[in-house]
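Visitor: Got a structure for you, questions after.
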Amino acid sequence: MALDIGNTALAAAGALAGVAYLDAKHHITKDLTAISNTKKYTGQFAAAAKAQRASLWYLFEQSVKRMPKTEECIWSRQGTYNWQDTHANACRYAQFLLDNGVQSGELVAFYLMNSPEFVFSYLASWSIGTAPALMNYNLAGDALIHCLKLSGSKIILVDEESDCRARIEESRSRIEELGMRIVILDAETKAYLLSLPPKRPERRYRAAVQPSWPMCLIYTSGTTGLPKACPFPMGAAWTVGTYRQKSNNLKVGPGGDRWYDCMPMYHGTGTTCLVGCMTAGLTLCIGRKFSVSKFWDEIRDSRATTFVYVGETARYLVNAPPTPRDRDHRVKSVWGNGMRPDVWERFRDRFGIPTIVEFFNSTEGMFSLWNKNDGEYTAAAVGHHGALLRRQFQNIYVPVALDHEKGDIWRDPKTSFAKRVPYEEGGEILVYVGDNKAAFAGYWNNPEATEKKFITDVFQKGDRYYRTGDALRRTKDGRWYFMDRLGDTFRWKGENVSTAEVAECIGRFEGVAEANIYGVELPSHDGRAGCAALYIEPANRATFNYNALLAHCRKQLPKYAVPIFLRLIEEQNLGHNNKQNKVPLRNEGVDPVKIRNGTAGPKDRILWVRSQKHDEYDEFGVREWAAITGGRVRL
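Numbering follows the UniProt record's numbering, with no gaps: position 514 of the sequence shown is 514.
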C-alpha cells in the first residue's frame, strides 16, 4: 500500500513537472491570462454601454472615490493636485465649455503642451460627452487649419507658451473664419476658470456617449502629406488603463505607482499614459516636454516609479554622459514603443531598470503587440505570442511578400493574388477584417483615405484585409521583431536593404549617437544607393574613425547593404515625437545643390566610398556629383 502511495506521488509530481514544462515552453498561462482579460474588459464595457455609462468619466470618478485627500493625482512643476482637486477643476473646465456653447457629441480642439490644464480639459470634455481633438502644437499655417477643419470644433484651447500663441496669432483670422473661438489659457483665464463653482455636469450630457464615440481624436504625423485624424475607440480606451497597469505590474492607489510622462500628450503614446493613470488610479507625473538634461531630476523629484518613452528617447538618455546618480531613482519599469535593439540592454544595464514593456501599434490601432521583457529571452522584441495566441491570430495577422521596386505588395502576374510568406521570413502584416467594416473606425471625415487602408482580392476573390504598412517577422516560439516600414526598405544591386538592420549595425559602433538610414536615387542607376545620416556628438567629431566604421559595416552587413554615402548632420532631425524623419533627407538625396538649398541640414557634409576596392570614405561634393550625373562613375 505504501509503495502504491509512493508511486502515485511520484507520478503526480512527474505530471506536474510535465505541465510546468509545457507551460514554460508554450507560455500557456500568459496567453490564457491575456485572452481572459480581453474578454473580461470587453464584457465590462458592453455592460457599461448598455447602462449609458460608456464615458470614461465614470472610471475616473471611481478612482477619485477611493483616494484619500493625501493622495496625489497630478504632479508637475506647475503644481500638484490631489484627486478631489483634479475632479473639481475638471468640473470647472466643463462648465466653461458649456458656457461657450460646446455640446455633447462635438469635439474640443486642444493646442496645448503637457500641463495640469491639459488633464483638466481632457477630463472636462469626457464629463460633458465630448472628446478632445489633439493638435500637434508645432503645427502652423495650412497644416493647422486643415486639422482644425477636420475636427469641426467650436473652440480651441491654446497653451500660454509664447511660441504656441505666436503660431495661433499668425492664423487667427483663418481660424475665426471657421467659426472657432480661440481661448488662450493664460494666467488670467486660468484664474477665472478656477473661480467657477465645481458643479458636476449632469448625467444627461454623458448618456448619449455611444461605443462608437471616440475617447479622443489623434492625428497622424503627416510626414508624407497633411495629417489624418484617427478616432481612438471608446471600447479600446475603456481597457487601456487597467490592462496596461496589469501588464506592467503596477500598483494602483492609494499609495500606488507614479507614472512620469514627458512625451507629448497630443501623441498616441503620451495620451494613453494620461488616460491610463486617470482611469486606473495611478499618479500622473507631468513633464512639460522631453529634456535630457532635466529628465532624471524630474524623475527623482516626482518620485516616479515608471515612465513612458517613444522612439529614440532611450538612445538620448544612454548617449548622455554617465553620472554617479544614473541609478539614483525609484523607476522599476518603463513602457513605450520604438526602443532600438542596439540600445535595449545598454539602457537596462546603465540605469538599472529591470523591466522594459515595449508595445507595437499605430495611430490607427489595428495591429497591436506588446512584450513585457525582464531578461535576454524577449529582449528587443516588439511583442510575444505563446502557442494559444499564435493559433488564434494565424489567419488574422498575415505576412505577405513585398515588391520593393514598386513599394507595394507583390502580386502574382498570372493570378493577381498576393503571396503569403512564413512568419520566420516576415513581410508586411495584413490584418484580416472580412466583412467587418467596423473593425477600423476609419479616418475622421476622410472616407477616401480610410478606403485606401484596405486591400481586397488578396488570396481569393472578395477577401478584405487592412494594410499596416509595417514589415515584421515572428520566430517559431512567438517573438515578434520589427523589420521595416513600407517605403523605407529599398532595392540596391537587385537586393532588398532593410533600413532597420543597417541602423542597428551602425548604432552599435562606438561614437555614433544616431543613425538614420535611407535610400537615395542616382542618375543612370537602378534602385537606390544606401545613405546613413549620422549624428556624432561635437566632442567626438574630430577623432571619429569613418574608415573603421566602413570596416565594421562590411564585417556585419551584406555587401549591398553597406552604406555608400554618409551624411554628417549638424543637428538631429527628429519629429515632434522623438521619431526619425527620413522624408526630407530622402528627397534631397546626395545632390549638393538640393542639400544646400534644402531644409534638412544645409551645412551637412557628404562622404562616399567609391567602390568595393576602396577602404575609406572620402569627401563628396559638386565635382563627384557631376561625375555620377555625367556617367563617368558607376557604383
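Just so you know, even glycine gets a beta-carbon here, dropped at the ideal spot from N, CA and C.
So, for glycine 527: in the same chain, excluding its five sequence neighbours on each side, which residues have a beta-carbon less than 8 angstroms away from its beta-carbon?
Guide: Here residue 527 refers to the residue found at position 527 when the sequence shown is read from its first residue. Once the five neighbours on either side are set aside, the close Cβ partners of glycine 527 are Glu405, Phe490, Arg491, Trp492, Lys493, Gly494, Gly519.
Visitor: If you draw a straight line from the C-alpha of isoleucine 595 to the C-alpha of threonine 189, how long is it?
Guide: For this step, residue 595 is matched to residue 595 along the sequence shown. For this step, residue 189 is matched to residue 189 along the sequence shown. Answer to the nearest angstrom: the Cα atoms are 45 angstroms apart.
Visitor: With distances taken between CB atoms, is the gap from methionine 180 to leucine 134 smaller than 8 angstroms?
Guide: Translated into positions along the sequence shown, residue 180 becomes position 180. Translated into positions along the sequence shown, residue 134 becomes position 134. Contact: no.
Visitor: Which residues does DSSP pair with leucine 217 in a beta bridge?
Guide: What you label residue 217 is simply residue 217 of the sequence shown in a count that begins at 1. Looking at the DSSP assignment, leucine 217 forms a beta bridge with Ala133, Pro231.
Visitor: Are glutamine 612 and lysine 559 close, meaning C-beta to C-beta below 8 angstroms?
Guide: Indexing the sequence shown from 1 puts residue 612 at position 612. Indexing the sequence shown from 1 puts residue 559 at position 559. Result yes, Cβ atoms of glutamine 612 and lysine 559 sit closer than 8 angstroms.
Visitor: Is glycine 426 near arginine 473, with beta carbons less than 8 angstroms apart?
Guide: To locate residue 426, count along the sequence shown from 1; it is residue 426. To locate residue 473, count along the sequence shown from 1; it is residue 473. Result yes, Cβ atoms of glycine 426 and arginine 473 sit closer than 8 angstroms.
Visitor: Can you give the beta carbon distance from glycine 276 to valine 240, rounded, assuming they're within the 8 angstroms contact cut?
Guide: Here residue 276 refers to the residue found at position 276 of the sequence shown. Here residue 240 refers to the residue found at position 240 of the sequence shown. About 5 angstroms; that satisfies the 8 angstroms criterion.
Visitor: Between which two residues does the alpha helix (DSSP H) harbouring tryptophan 444 extend?
Guide: For the purposes of this step, residue 444 is taken as the residue at position 444 of the sequence shown. It is not in any alpha helix (DSSP H) - tryptophan 444 carries neither H nor E in the DSSP assignment.
Visitor: Do the CB positions of cysteine 531 and arginine 567 come within less than 8 angstroms of each other?
Guide: Residue mapping note: residue 531 aligns to position 531 of the sequence shown, counting from 1. Residue mapping note: residue 567 aligns to position 567 of the sequence shown, counting from 1. Going by C-beta atoms, cysteine 531 is nearer than 8 angstroms to arginine 567.
Visitor: What residues are listed by DSSP as bridge partners for lysine 452?
Guide: In the sequence shown, the residue the question calls residue 452 occupies position 452. Paired residues: none, contrary to the question.
Visitor: Can you find at least 3 beta carbon pairs, one from the segment 135-144 and one from the segment 90-108, that sit closer than 8 angstroms?
Guide: No: the two stretches stay apart, fewer than three of their Cβ pairs being nearer than 8 angstroms.
Visitor: Going by alpha carbons, who is nearest to alanine 542 out of Cys230, Val382, Gly511, Arg300?
Guide: As a working note, residue 542 is residue 542 in the sequence shown. Nearest option by C-alpha distance: Gly511.
Visitor: Find out if the Cβ-Cβ distance for the pair leucine 282, leucine 250 is shorter than 8 angstroms.
Guide: Position 282 of the sequence shown holds residue 282. Position 250 of the sequence shown holds residue 250. Yes.
Visitor: Using 8 angstroms as the Cβ pair cut-off and three pairs as the minimum, do the segment 197-205 and the segment 333-349 touch?
Guide: The segment 197-205 is not in contact with the segment 333-349.
Visitor: For serine 63, collect the residues of the same chain with a Cβ closer than 6 angstroms to its Cβ; drop the 5 residues on either side in sequence, then sort them by chain order.
Guide: The residue labelled residue 63 in the question sits at position 63 within the sequence shown. The answer, listed in chain order, is Gly281.
Visitor: Check valine 622 in the structure and name its three-state DSSP category.
Guide: Sequence index remark: in the sequence shown, residue 622 carries index 622 (1-based). Helix at valine 622.
Visitor: Would you kindly check if the distance between the Cβ of leucine 150 and the Cβ of alanine 237 is under 8 angstroms?
Guide: Numbered from its first residue, the sequence shown carries residue 237 at position 237. Numbered from its first residue, the sequence shown carries residue 150 at position 150. Cβ atoms of alanine 237 and leucine 150: not closer than 8 angstroms.
Visitor: Count the CB pairs spanning the segment 400-417 and the segment 45-57 that are closer than 8 angstroms, and state whether there are at least three.
Guide: Too few Cβ pairs lie closer than 8 angstroms, so no.
Visitor: Apart from the five residues just before and just after leucine 16, which ones in its own chain have a Cβ nearer than 7 angstroms to its Cβ?
Guide: As a first step, residue 16 is located in the sequence shown; it is residue number 16 there, counting from the start. Legend: pLDDT at leucine 16 = 47, less than 50; position of this residue unreliable, no value from coordinates given.
Visitor: Does the structure place the segment 428-443 close enough to the segment 362-379 that three or more beta carbon pairs sit under 8 angstroms?
Guide: Verdict: yes, contact present.
Visitor: What residue range is occupied by the uninterrupted beta strand (DSSP E) comprising alanine 542?
Guide: Reading the sequence shown from its first residue, position 542 is the one you call residue 542. First-last for alanine 542: undefined, no H or E at that position.
Visitor: Going by beta carbon distance, what residues of the same chain come within less than 8 angstroms of serine 291, once the five residues before and after it are set aside?
Guide: Working through the sequence shown from its first residue, we reach residue 291 at position 291. The answer, listed in chain order, is Cys262.
Visitor: Looking at the unbroken beta strand (DSSP E) that takes in tryptophan 480, where does it start and where does it end?
Guide: Walking along the sequence shown from the start, residue 480 turns up at place 480. Where tryptophan 480 is concerned, the enclosing beta strand (DSSP E) stretches over 479-485.
Visitor: So which of Tyr316, Asp408, Ile564 has the shortest CA-CA distance to asparagine 578?
Guide: Taking the first residue of the sequence shown as 1, we reach residue 578 at position 578. The residue with the shortest Cα to Cα distance from asparagine 578 is Tyr316.
Visitor: Ignore the nearest five residues each way along the sequence and tell me which others in leucine 369's own chain have a CB closer than 7 angstroms to its CB.
Guide: Along the sequence shown, one-based indexing puts residue 369 at 369. Answer for leucine 369: Phe359, Phe360, Val382, Gly383, Trp480, listed in chain order.
Visitor: Excluding five sequence neighbours on each side, which residues of the same chain lie with their C-beta closer than 8 angstroms to the C-beta of tyrosine 266?
Guide: The count along the sequence shown starts at 1 and reaches residue 266 at position 266. Hits under 8 angstroms: Phe110, Leu112, Leu134, Met135, Asn136, Tyr137, Ile218, Tyr219.
Visitor: DSSP has leucine 157 in a bridge; who is on the other side?
Guide: Within the sequence shown, the letter at position 157 stands for residue 157. Leucine 157 pairs with Phe110, Val183.
Visitor: Residue range of the beta strand (DSSP E) that valine 398 falls in?
Guide: Locating residue 398 in the sequence shown gives position 398, where the first residue counts as 1. Taken as a continuous stretch (DSSP letters only), the beta strand (DSSP E) holding valine 398 covers 397-400.
Visitor: So what does DSSP say about aspartate 326, is it helix, strand or coil?
Guide: As a working mapping, residue 326 is identified with position 326 in the sequence shown. DSSP places aspartate 326 in coil when its eight states are reduced to three.
Visitor: Rounded to the nearest angstrom, what separates arginine 610 and glycine 79 at their Cα positions?
Guide: Position 610 of the sequence shown, counted from the first residue, corresponds to residue 610. Position 79 of the sequence shown, counted from the first residue, corresponds to residue 79. Approximately 58 angstroms, taken between the alpha carbons.
Visitor: Helix, strand or coil: which one does DSSP assign to glutamate 72?
Guide: Taking the first residue of the sequence shown as position 1, residue 72 is located at position 72. Three-state DSSP puts glutamate 72 in a strand.
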